[in-house]
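Right, one structure below, let's go through it.
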DNA sequence: GGTGCGATTGCA
DNA sequence: GCAATCGCACCA
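In the numbering used here, the protein residues as written are 6 to 201.
Spelled out as C-alpha cells, the structure:
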C-alpha cells in the first residue's frame, strides 16, 4: 500500500538502511511536526546519535525486546518516544530491518520556532510537542515526518562518542554521535577532557 | 508488590 | 553539585 507524502520526504527505504548511514544522512534535513490544530513546527536536524543493534550496550534494546522498546524492533520509518527521568521525552527515528533493534536519537534542531534553536533531546521534544502519544507513529504519516532540507557535506560532519551513556562500557566510546561541526545548537558535553 | 534508576535539564 | 519525578525493568 502506497503512502501519501510530500515529494521532498524520504520513503520507508531511507529508514530501513544501516543505522549509522541513516543517522548521518538525517543531518541537515528538516523535522516536521503537525499539531492537532494544524500548525506545523519545523526544525533542521543538527545533532543525532545512532543506537545500533542488540549488542549495543548503550541501547535500550540491549536487554531484548520489552513493551517499551518494541518500536525499535519494527522495520525502520516510525518513531520511538520514551519518557526519561520522569519529566522529559526523547524522540527517536527507528531504522533498519524488522527484527533488528536500531534507532536514531534526535538531539538538536536549528530554528524550530522562528529563529529559536533547541539544544538537547528533552528540549527538542518539548519544543515540537512530541510525547509518548507519538510512540510508534509512522514517519510517513501526518503528525511527524522529515523533509529534504539542506544536505550537509562530509567535511561538515563531525563524529563523536554519544552523550550520557558512560555505563555502556566500550560502547560508550563508539563514535555514534553525528553533528554539524561547530553548530551553535549542539548539546553541551558533560565536563570531560579530550576525545570529543 | 517493592525497589532502583535513567539516551536530561535547570538551578544552587 | 545535585534535585526533580515516574515508567518500567527486574527481583521476590
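Beta carbons are placed, not taken as given, at the ideal position from N, Cα and C, and that holds for glycine.
In this text, all values refer to a predicted model and were calculated from it rather than measured experimentally.
- Taking C-beta atoms under 8 Å as the contact rule, residue 116 and residue 122 qualify, at a distance of about 6 Å.
- In chain order, 33 place their CB closer than 6 Å to the CB of residue 156, counting only its own chain and leaving out the 5 sequence neighbours on each side.
- As the crow flies, the alpha-carbon of residue 106 is around 6 Å from that of residue 59.
- Between residue 84 and residue 139, the CB-CB gap stays under 7 Å.
- With fewer than 16 other beta carbons inside 10 angstroms of its own, residue 13 counts as exposed.
- Contact between residue 94 and residue 136 holds, since their C-beta atoms are separated by about 5 Å, short of 8 Å.
- In terms of CA proximity to residue 160, 185 leads the group 179, 185, 141.
- Nearest Cα to residue 146 within the set 62, 86, 38: 38.
- In the DSSP assignment, residue 163 falls within the unbroken beta strand (DSSP E) covering 162-165.
- Counting only runs of 4 or more residues that sit fully inside the stretch 102-166, the alpha helix (DSSP H) segments are 126-132, in chain order.
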